[in-house]
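Student:
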Amino acid sequence: MKAVQQNAPLDALWQAPAIIWVVLAGEGVAAVLTLAPGGGVSPWVYFGLTSLVVQWISLTTLGALYLLRRPLGRLRPPYVAYTALCLLVLTTWLFCAATWLLLGDLWSSLKDDWKDMFLRFTGVAITVGLLGLAAFQNHWRARQMAVKAKQAELEALQARIRPHFLFNTLNTATALVHQRPQDAERMLLDLSDLFRAALAGPREIPLAEELALTRRYLEIEGLRFGERLHARWDLPDTVPEVRVPTLSIQPLVENAIRHGIEPSPSGGTLDIGVKASVRDIVITIRNPIPERAMPTRGHQVGQSSVRARIHALTQGLGQLETRQEDGHYLAVITLPREGGNEAGKAALSAFPDGPDQVSTR
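Reading the sequence shown from the start, the letters are residues -12 to 348 in my numbering.
(1) Let me make sure I understand the geometry here. Which of 120, 272, 49 and 255 has the alpha-carbon closest to that of residue 310?
(2) Which residue marks the beginning of the alpha helix (DSSP H) containing residue 208, and which one marks its end?
(3) Can you give the Cα-Cα distance for residue 261 and residue 171, rounded to whole angstroms?
(4) Quick one: measure Cβ to Cβ for residue 238 and residue 293, integer angstroms, because I've assumed they're closer than 8 Å.
(5) Which value, in whole angstroms, describes the spacing of the CA atoms of residue 112 and residue 48?
(6) Mapping DSSP to helix, strand and coil, what is residue 301?
(7) Just reading off the beta strand (DSSP E) that residue 1 is part of, what are its end residues?
(8) Does DSSP put residue 266 in a helix, in a strand, or in coil?
(9) Using a Cβ-Cβ cut-off of 7 Å (strictly less than) and excluding sequence neighbours within five positions of residue 267, which residues of its own chain qualify?
(10) Given that a residue counts as buried once 16 or more other Cβ atoms are within 10 Å of its Cβ, and exposed if not, what is residue 249?
(11) Alpha carbon to alpha carbon, what distance is there between residue 32 and residue 60?
(12) Considering only residues of the same chain and omitting the five flanking positions on each side of residue 284, which have a CB-CB separation below 7 Å?
(13) I believe residue 388 touches residue 195 by the beta-carbon criterion, under 8 Å. Please report the beta-carbon distance rounded to the nearest angstrom.
(14) Nearest to residue 8 by alpha carbon, out of 213, 22 and 45?
(15) Under the assumption that residue 177 contacts residue 206 (Cβ atoms under 8 Å), give the Cβ distance between them as a whole number of angstroms.
(16) Secondary structure at residue 165, three-state DSSP: helix, strand or coil?
(17) Helix, strand or coil for residue 319, going by three-state DSSP, please let me know.
(18) Please state if the CB of residue 254 and the CB of residue 214 are separated by a distance shorter than 8 Å.
(19) Just verifying my parser: in three-state terms, what is the DSSP assignment at residue 250?
(20) Please list the terminal residues of the continuous beta strand (DSSP E) segment that includes residue 231.
(21) Here's the rule I'm using: 16 or more other beta-carbon atoms within 10 Å means buried, otherwise exposed. How should residue 277 be labelled?
(22) Give a yes or no on whether the C-beta atoms belonging to residue 318 and residue 307 are separated by under 8 Å.
(23) What does a CB cutoff of less than 7 Å around residue 17 pick up in its chain, not counting 5 residues either side in sequence?
(24) On the DSSP bridge list, what partners appear for residue 307?
(25) By the 10 Å Cβ neighbour count, where 16 or more other Cβ atoms means buried, how is residue 231 classified, buried or exposed?
(26) Hey, residue 244 and residue 220: beta-carbon distance below 8 Å or not?
(27) Does the separation of the CB atoms of residue 174 and residue 210 fall below 8 Å?
(28) Select from 30, 53 and 78 the residue whose C-alpha is nearest the C-alpha of residue 2.
(29) How should residue 161 be labelled, buried or exposed, when 16 other C-beta atoms within 10 angstroms of its C-beta is the threshold for buried?
(30) Is it right to say residue 20 is buried, meaning 16 or more other beta carbons lie within 10 angstroms of its own, or is it exposed?
(31) Relative to the C-alpha of residue 201, which residue among 270, 167, 265 and 246 is closest?
(32) So, for residue 4: in the same chain, excluding its five sequence neighbours on each side, which residues have a beta-carbon less than 7 Å away from its beta-carbon?
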């Protein structure tokens, strides 16, 4: 998945409102054809036959586009539009021929001979198709502009997260260089991986990699807080293959430390869990709520930025929820499941104590 996925050009046609509008537009076309000058036949009979043909043409065209959605999805939007127009005209010819073969005597007694019928329906199909083509192109351009605007917004949100993360970790590194050089060296190695992810990494990474980055961040903070900080991991044996925004779990863990662990003189335990079901993946970050909060230094990372990136990455299927429960603060990320991956287990090699329980100091 990409940070902002772009749906296939014709995806909107499979939604219920679009199908309803197609049916209503077909009835409008049938009404226009009925009101056109012609023989003195019952308009209701002619409207019924015309409506039958028009609806079969429109719905069959939609069905054909749906069956061809995968190959059409690989084409550029203008080619998709022209293909849909040609398919509409071809379907019109086929149904006109079938209607004349089955109801030719009845139809000729009403208004048209077969030439008039073909010309009438073909002209209407081309006219409606061209109007639909223009509307489609305008809609696609508007959607492309909206996607670009959304991408720019997400990049701005990421830019707000990254300086915050770098400034705080650099402050920790500065404090340790002279006091505990060996720990500082180990911390700087972890810090280099985090810098790489923050500054030059992709917009989204596998969940296992994000958990490994979070682990490195916790090791850095463990050097700062010592025995005050403990991390408890509850992970499956194999981390599901699902992609998450880069540095999406880490900021939530950072907030949990800043607001749940740091204000408490005795520190506390931070719980990080991943649960996989058939339909989704649930990631939970849980920290104790201190009795009396103390002011913290540094910038505050807005949860809204993480929520927006998750929403964009999953096309609204994923979400971030926060709540208080039994004296603890919970941040819960829900992601749609994409399937398992044996490589996920290997990606957890950054967890030396095993995937189930890890105590971070």
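Positions of the beta carbon are idealized from the N, C-alpha and C atoms, including for glycine.
Tutor: The short version:
(1) Closest option to residue 310, Cα to Cα, is 272.
(2) It spans 194 to 212 - the alpha helix (DSSP H) in which residue 208 sits, taken as one unbroken run.
(3) Inter-residue distance for residue 261 and residue 171 is about 30 Å (C-alpha atoms, whole angstroms).
(4) Sure, about 6 Å apart at Cβ, within 8 Å.
(5) Each residue's alpha carbon lies about 11 Å from the other.
(6) Coil at residue 301, not helix or strand.
(7) In this chain, residue 1 is not harboured by any beta strand (DSSP E), its DSSP state being neither H nor E.
(8) Residue 266: coil per DSSP, three-state reduction.
(9) These residues qualify, in order along the chain: 321, 322, 323 and 324.
(10) When all chains shown are included, residue 249 counts as buried.
(11) The alpha-carbon atoms of residue 60 and residue 32 are separated by roughly 40 Å.
(12) Interpretation of residue 284 is limited by its pLDDT of 44, a score under 50 that renders its predicted location unreliable; the figure taken from the coordinates is listed afterwards. Once the five neighbours on either side are set aside, residue 284 has no close Cβ partner at all.
(13) Summary: the structure shown does not reach residue 388, with the chain confined to residues -12 through 348, and so no result is reported for it.
(14) Checking every option, the nearest Cα to that of residue 8 belongs to 45.
(15) The C-beta separation of residue 177 from residue 206 comes to about 5 Å, placing the pair in contact by the 8 Å criterion.
(16) Of the three classes helix, strand and coil, the one that applies to residue 165 here is coil, per DSSP.
(17) Residue 319 sits in a strand when the DSSP states are folded into three classes.
(18) Note that the C-beta distance between residue 214 and residue 254 is below 8 Å.
(19) Residue 250: coil per DSSP, three-state reduction.
(20) First-last of the beta strand (DSSP E) with residue 231: 230 to 232.
(21) When all chains shown are included, residue 277 counts as buried.
(22) In this structure, residue 318 sits near residue 307, with a CB-CB distance shorter than 8 Å.
(23) Excluding sequence neighbours, residue 17 sits near 34, 37, 38 and 41.
(24) Partner(s): 320.
(25) The residue in question, residue 231, is buried, as its Cβ has 16 or more Cβ neighbours within 10 Å.
(26) In this structure, residue 220 does not lie closer than 8 Å to residue 244 by Cβ.
(27) Residue 210 is positioned such that its CB atom lies closer than 8 Å to that of residue 174.
(28) Restricting attention to 30, 53 and 78, the CA atom closest to the CA of residue 2 is found in 53.
(29) Counting Cβ neighbours within 10 Å, residue 161 comes out exposed, since fewer than 16 surround it.
(30) Residue environment: residue 20 is assigned as buried (16 or more neighbouring CB atoms within 10 Å of its CB, all protein chains considered).
(31) Residue 201 has its Cα closest to that of 270, out of 270, 167, 265 and 246.
(32) Counting only Cβ-Cβ distances below 7 Å, and skipping sequence neighbours, we find nothing.
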